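Novice:
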Amino acid sequence: MNDAAPAPTPAPEPRRHARVRAPELIGKGGWLNTGGKELTLADLRGKCVVVDFWTFCCVNCLHVLDELRELEEKHRDTVVIIGVHSPKFVHEAEHQAVVDAVERYEVHHPVLDDPELATWKQYAVRAWPTLVVIDPEGYVVAQHAGEGHAHAIEKLVEELEAEHGAKGTLRRGDGPYVAPEPVATHLRFPGKALLLADGGFLVSDTTRHRLVELDQDGETVRRHFGTGERGFADGGPDEVRFSEPQGLALLPDGRIAVADTVNHAIRALDLTTGATTTLAGTGRQWWQGAPTSGPAREVDLSSPWDVAWFDGRLWIAMAGVHQLWTYDPEDDAVRVSAGTTNEGLVDGPGDEAWFAQPSGLAATEERLWVADSETSALRWVDREGAVHTAVGTGLFDFGHRDGAAGQALLQHPLGVTALPDGSVAVCDTYNHALRRYDPASGEVTTLATDLREPSDAVLADGDLVVVESARHRLTRLRLPEEAVRVAEQAHRTQRAATEIAPGALRLDVVFQAPAGQKLDTRYGPSTRLLVSSTPPELLAGGEGAGTDLFRDLVLADGVTEGVLHVSAMAASCDDDPANEYPACHVHQQDWGVPVRVVAGGAGRLPLVLAGMDEDGSATG
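Going left to right, the sequence shown walks through residues 287 to 906 as our numbering numbers them.
(1) Compare the C-alpha of Asp556 against each of Arg570, Ala535 and Ala690 and name the closest.
(2) Starting from the Cα of Val489, find the closest Cα among Thr455, Glu447, Ile542 and Arg457 and give me that residue.
(3) Report yes if the CB atom of His686 is closer than 8 angstroms to the CB atom of Gln693, and no otherwise.
(4) Using the three-state DSSP reduction, which class does Ser659 fall into: helix, strand or coil?
(5) On the CB-based measure, 16 or more other CB atoms within 10 Å of its CB, does Asp546 come out buried or exposed?
(6) Assuming Leu824 contacts Leu891 under a Cβ cut-off of 8 angstroms, what Cβ separation, rounded to an integer in Å, is found between them?
(7) Throw me the rounded Cβ distance for the Arg474 and Thr455 pair, which I believe falls under 8 angstroms.
(8) At 4 residues or longer, what runs of the alpha helix (DSSP H) sit wholly inside the stretch 353 to 424?
(9) Quick check on this structure: which residue in Val419, Asp668, Thr341 and Ala649 has the alpha carbon closest to the alpha carbon of Pro635?
(10) Which value, in whole angstroms, describes the spacing of the CA atoms of Glu584 and Gly569?
(11) Please confirm whether Trp601 and Ser588 have their CB atoms less than 8 angstroms apart.
(12) Any heavy atom of the ligand FMN within a distance shorter than 7 angstroms of the CB on Ser853?
(13) Using only the alpha-carbon positions, how far apart do Gly902 and Gln574 sit?
(14) Using 8 angstroms as the cut-off, can you tell me whether the stretch 438 to 447 makes contact with the stretch 353 to 367, which would need three or more C-beta pairs spanning the two stretches below that distance?
(15) Measuring straight from C-alpha to C-alpha, what distance separates His851 and Leu733?
(16) Just how far apart, CA to CA, sit Val548 and Glu525?
(17) Please confirm whether Tyr425 and Ala308 have their CB atoms less than 8 angstroms apart.
(18) At which residues does the alpha helix (DSSP H) containing Ile439 begin and terminate?
(19) Have a look at Gly580 and Val872 and give me their C-alpha separation to the nearest angstrom.
(20) Have a look at Ser858 and Val345 and give me their C-alpha separation to the nearest angstrom.
(21) Drop a sphere of 10 angstroms on the beta-carbon of Asp386, count the other beta-carbons inside from all chains shown, and report buried for 16 or more, exposed for fewer.
(22) Shortest alpha-carbon distance to Thr703 belongs to which of Asp736, Asp683 and Ala648?
(23) Below 8 angstroms on the Cβ atoms is my contact criterion, and I expect Thr564 with Phe511 to pass it. Report the Cβ-Cβ distance as a whole number of Å.
(24) Could you name the residues that DSSP lists as bridge partners for Glu433?
(25) Pull up the CB-CB distance for Asp714 and Pro699, whole angstroms please, since I reckon it's below 8 angstroms.
(26) Tell me the DSSP bridge mates of Met855?
(27) Taking the alpha-carbon of Thr661 as reference, which of Phe684, Leu654, Glu670 and Val673 has the nearest alpha-carbon?
(28) Within a Cβ cutoff of 8 angstroms, which residues of the same chain sit near Arg738, ignoring the five residues on either side of it in sequence?
(29) In chain order, what residues of the same chain have a beta carbon less than 6 angstroms from the beta carbon of Arg305, not counting five sequence neighbours either side?
(30) Closest to Phe487 by CA distance: which of Asp618, Ala594, Val752 and Gln382 is it?
(31) In the DSSP output, what is Val607 paired with across the bridge?
(32) Could you give the C-beta distance for Leu497 and Pro531, rounded to a whole number, given that I count them as a contact under 8 angstroms?
(33) Does the Cβ of Gly889 have 16 or more other Cβ atoms within 10 Å, making it buried, or fewer, making it exposed?
(34) Tell me which same chain residues have a C-beta within less than 8 angstroms of the C-beta of Gly514, skipping the five on either side of it?
(35) Cutting at 8 angstroms between CB atoms, please list the residues of its own chain near His674, excluding the five before and the five after it.
(36) Taking DSSP as the reference, what is the three-state secondary structure of Ala776?
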């Protein structure tokens with residue numbers, strides 16, 4: 287941070303809030319991980335309840351699932367975590383897809399499937415992920431949007447345990463979680479595949495935290511690499527540990543690079559010796575302010591999802607921060623090569639482009655193709671590092687529509703494969719389809735349907751071998767001479783637009799440092815706010831970066847709807863004068879808020895990063 291920058295305007299002291307009773311948890315899809323029992327808040331009385339609003343497409347939501355695991359284990363007799371699955375994409379509203387996601391990401395607490403966003407609306411949630419804390423008497427006591435709040439929530443839980451233990455309103459004992467029966471298959475939610483020199487396949491067996499080598503038939507198991515237990519350890523096939531590995535790529539020296547997603551690392555597997563080592567990453571997640579280049583094993587990464595060798599370097603789809611990074615073996619270093627960490631769809635030079643959870647890569651001689659999942663887009667990077675969009679329009683438009691690329695639609699693609707004729711196959715994951723984009727004609731067609739969450743595909747003897755992740759298998763497809771025809775569909779996200787008044791709009795990002803912490807101002811401002819809009823013409827004033835967590839926006843005349851993009855960050859440290867090196871914590875969140883400009887709409891837009899809004903609610 288810049289020492290010379292002005293200090294942020296101090297936030298007003300929070301006043302005493304009225305107690306707000308938590309709304310009931312309702313969802314048409316019903317409950318998972320409860321043994322068939324329907325839960326109510328009355329069933330949870332006496333427990334500290336953390337409600338996690340998530341959706342399984344969202345990498346930030348997956349980060350929060352991992353952040354909550356330690357809290358879940360440490361306070362298992364007093365805390366109940368309830369996941370409320372609140373879909374963005376149409377596919378995420380399918381009940382079986384939620385069932386699959388709960389197993390895929392090892393969610394070990396009850397989950398409410400809320401396909402119509404009923405509970406999301408009751409709690410006035412505006413962002414994925416959002417955490418709401420409910421005390422043992424059923425009152426909302428805090429809300430946190432985004433990542434990095436586990437430490438604050440644990441402190442709050444400890445306070446609630448002490449307070450309600452003394453009052454006699456705390457109930458200890460087992461929670462309502464009931465584990466589902468395990469299923470026996472060779473693979474479990476595989477992520478990516480790599481064709482080996484002898485015609486076999488290496489597959490990332492993601493949910494079982496290992497790699498599996500298969501024979502040419504795509505079924506017979508040759509070897510496993512990994513203990514099958516989540517962890518971070520190098521070693522031989524029976525010693526190495528991964529955590530939800532995904533992408534695979536062949537390196538020039540013959541080793542295989544592995545995107546070890548939840549370990550925030552790139553590993554290297556030597557098939558000859560069977561040994562795995564760490565190529566890049568520390569095992570820690572990258573946060574704003576951390577180095578973005580340096581010695582490969584000294585720089586933090588964030589949910590690397592895929593890897594590909596292009597233009598003399600290993601490119602990394604860094605889904606967790608919406609960027610592309612590269613690893614250069616010449617200097618054994620990593621660095622950011624494209625993307626700003628802002629989430630969206632913006633083309634241009636690499637250092638100005640925006641991505642949204644890039645999750646699939648494929649290289650040709652001249653282009654690096656990118657499956658940019660959250661914008662439902664197919665992007666590409668040229669050899670000069672500039673970013674282009676072939677298919678896709680933004681964060682909120684998706685569907686299944688063939689035709690000219692400018693109006694074609696995908697739905698959360700996770701994989702892309704370069705084909706011999708210069709076209710590319712796209713694993714259109716949430717449409718359960720394999721699509722094709724031809725740069726020569728500018729057309730998008732459908733190659734195959736009735737796949738189940740395809741996440742990757744590789745060419746093998748003229749066929750495409752598809753990773754059908756939710757069917758736990760590889761499926762071989764003949765490349766058809768004619769494309770499959772489908773009835774076109776177009777969708778926008780189900781989230782209701784926020785009605786705002788024309789003219790001036792006050793944006794307030796609500797942040798209250800957790801108990802025992804204060805804003806870290808030792809090196810200048812500890813807060814950051816970035817505002818933009820889609821379309822850009824929506825805002826006549828107030829866009830750009832600043833250090834205050836509030837902004838007076840001016841809405842342009844004549845633009846009646848759009849999306850406000852808000853990115854906020856606050857750093858807080860333990861408030862202990864005796865501690866020369868206090869522990870510090872970064873809280874950050876990106877919001878994409880659909881808005882509609884109407885007479886009588888709101889003149890203030892509060893977004894809760896952490897704490898309670900001034901109207902006494904935690905829900906803004």
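All residues carry an ideal CB built from backbone N, CA and C; glycine is no exception.
No experiment lies behind these values; they were computed from the predicted model shown.
Specialist: So, from the data block:
(1) In the sequence shown, the residue the question calls residue 556 occupies position 270. It is Ala535 whose Cα lies nearest to the Cα of Asp556.
(2) By one-based count along the sequence shown, residue 489 stands at place 203. Val489 has its Cα closest to that of Ile542, out of Thr455, Glu447, Ile542 and Arg457.
(3) In the sequence shown, the residue the question calls residue 686 occupies position 400. In the sequence shown, the residue the question calls residue 693 occupies position 407. No, the Cβ-Cβ distance between His686 and Gln693 is not below 8 angstroms.
(4) Numbered from 1 along the sequence shown, position 373 holds the residue referred to as residue 659. Looking at Ser659 - three-state DSSP - the assignment turns out to be helix.
(5) As a working note, residue 546 is residue 260 in the sequence shown. By the neighbour-count rule (16 or more Cβ atoms within 10 Å), Asp546 is buried.
(6) Looking up residue 824 in the sequence shown gives position 538. Looking up residue 891 in the sequence shown gives position 605. The pair is not a contact, with the Cβ atoms about 13 angstroms apart (cut-off 8 angstroms).
(7) Here the question's residue 474 lines up with position 188 in the sequence shown. Here the question's residue 455 lines up with position 169 in the sequence shown. Not confirmed; about 41 angstroms, so no contact.
(8) 381 to 390 and 404 to 408
(9) In the sequence shown, the residue the question calls residue 635 occupies position 349. Closest by alpha carbon: Asp668.
(10) Mapped onto the sequence shown, residue 584 falls at position 298. Mapped onto the sequence shown, residue 569 falls at position 283. Between Glu584 and Gly569, the C-alpha separation is close to 10 angstroms.
(11) Residue numbering aside, residue 601 sits at position 315 when the sequence shown is read from its first letter. Residue numbering aside, residue 588 sits at position 302 when the sequence shown is read from its first letter. Cβ distance not < 8 angstroms, so Trp601 and Ser588 don't count as in contact.
(12) Summarising the ligand content, the structure contains no ligands, and the ligand FMN is consequently not present.
(13) Along the sequence shown, read from residue 1 onward, the residue named residue 902 stands at position 616. Along the sequence shown, read from residue 1 onward, the residue named residue 574 stands at position 288. Low confidence applies to Gly902: its pLDDT is 45, below 50, so where it sits in the model is not reliable enough to give any reading.
(14) yes
(15) Position 565 of the sequence shown, counted from the start, is the residue given in the question as residue 851. Position 447 of the sequence shown, counted from the start, is the residue given in the question as residue 733. Approximately 35 angstroms between the Cα atoms of the pair.
(16) Position 262 of the sequence shown, counted from the first residue, corresponds to residue 548. Position 239 of the sequence shown, counted from the first residue, corresponds to residue 525. If I take the Cα positions, the gap works out to 18 angstroms.
(17) The sequence position of residue 425 within the sequence shown is 139, counting from 1. The sequence position of residue 308 within the sequence shown is 22, counting from 1. For Tyr425 and Ala308, yes; Cβs fall inside 8 angstroms.
(18) Start at 1 with the first residue of the sequence shown, and residue 439 comes out as number 153. Ala436 to Lys453 is the span of the alpha helix (DSSP H), which, as asked, contains Ile439.
(19) Position 294 of the sequence shown, counted from the start, is the residue given in the question as residue 580. Position 586 of the sequence shown, counted from the start, is the residue given in the question as residue 872. In a straight line, the C-alpha of Gly580 is about 21 angstroms away from that of Val872.
(20) Residue numbering aside, residue 858 sits at position 572 when the sequence shown is read from its first letter. Residue numbering aside, residue 345 sits at position 59 when the sequence shown is read from its first letter. About 23 angstroms.
(21) Along the sequence shown, one-based indexing puts residue 386 at 100. Looking at its Cβ environment, which holds 16 or more other Cβ atoms inside 10 Å, Asp386 is buried.
(22) Numbered from its first residue, the sequence shown carries residue 703 at position 417. Considering only alpha carbons, the answer is Ala648.
(23) Against the sequence shown, residue 564 aligns to sequence position 278. Against the sequence shown, residue 511 aligns to sequence position 225. No, Thr564 and Phe511 are not in contact; Cβ-Cβ is about 14 angstroms, not under 8 angstroms.
(24) Translated into positions along the sequence shown, residue 433 becomes position 147. DSSP, once it has assigned bridges, lists Gln874 as partnering Glu433.
(25) Here residue 714 is taken as the residue at index 428 of the sequence shown, counted from 1. Here residue 699 is taken as the residue at index 413 of the sequence shown, counted from 1. Rounded to the nearest angstrom, the Cβ distance from Asp714 to Pro699 is 5 angstroms, consistent with a contact under 8 angstroms.
(26) The count along the sequence shown starts at 1 and reaches residue 855 at position 569. Partner(s): Arg814 and Gln874.
(27) Here residue 661 refers to the residue found at position 375 of the sequence shown. Closest by alpha carbon: Phe684.
(28) Residue numbering aside, residue 738 sits at position 452 when the sequence shown is read from its first letter. Hits under 8 angstroms: His718, Glu754, Ser755, Ala756 and Arg757.
(29) Position 19 of the sequence shown holds residue 305. Contacts found: Tyr425.
(30) Along the sequence shown, one-based indexing puts residue 487 at 201. Closest by alpha carbon: Val752.
(31) By 1-based counting over the sequence shown, the position of residue 607 is 321. None, per the DSSP bridge assignment.
(32) As a working note, residue 497 is residue 211 in the sequence shown. As a working note, residue 531 is residue 245 in the sequence shown. At roughly 6 angstroms, the Cβ-Cβ gap stays under 8 angstroms, so Leu497 and Pro531 are in contact.
(33) Position 603 of the sequence shown, counted from the first residue, corresponds to residue 889. With fewer than 16 other Cβ atoms within 10 Å, it is exposed.
(34) What you label residue 514 is simply residue 228 of the sequence shown in a count that begins at 1. These residues qualify, in order along the chain: Arg494, His495 and Arg496.
(35) As a working note, residue 674 is residue 388 in the sequence shown. So the list reads Asp633, Arg665, Trp666, Val667 and Asp668, once near-sequence residues are dropped.
(36) As a working mapping, residue 776 is identified with position 490 in the sequence shown. The answer is strand: DSSP assigns Ala776 an E or B state.
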